[in-house]
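Below is one structure, written out as structure tokens, with a few remarks after it.
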Amino acid sequence: MVRPIMKDVFFLNQKSEPASETDKQTAQDLLDTLQAHEKECVGMAANMIGVKKKKRQGAK
Numbered sequence: 002m003v004r005p006i007m008k009d010v011f012f013l014n015q016k017s018e019p020a021s022e023t024d025k026q027t028a029q030d031l032l033d034t035l036q037a038h039e040k041e042c043v044g045m046a047a048n049m050i051g052v053k054k055k056k057r058q059g060a061k
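In this note's numbering, the protein residues as written are 2 to 61.
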């Protein structure tokens, strides 16, 4: 699902939690959103779609 791009600086500055197996839908949403904005984006983090998650420690 393509999600809106988060622009709230307060939210974007908050610390993210490590992602888990239950966050697979968030990963797919992130890919969908990045693909939808491929002309103006080269990368995107989960907090940019409103989810405070980051790559798990040791994940590839």
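Yeah, the Cβ is synthetic: ideal placement off N, Cα and C, and Gly gets one too.
Proximity winner among the options, relative to residue i (alpha-carbon distances)
i	options	result
L31	V10, D9, K8 and G51	G51
CB contact flag (residue i, residue j, <7 Å)
i	j	result
K56	Q15	no
T27	V3	no
Own chain, CB closer than 6 Å to residue i, minus 5 neighbours either side, in chain order
i	result
A20	K54 and R57
Sequence-distant residues of the same chain with beta carbon closer than 8 Å to residue i, five excluded per side
i	result
L13	M7, N48 and M49
Answer yes if the stretch 7-15 comes into contact with the stretch 31-44, meaning at least three C-beta pairs across the two stretches below 8 Å, and no otherwise.
Flag = no, the stretch 31-44 and the stretch 7-15 do not touch.
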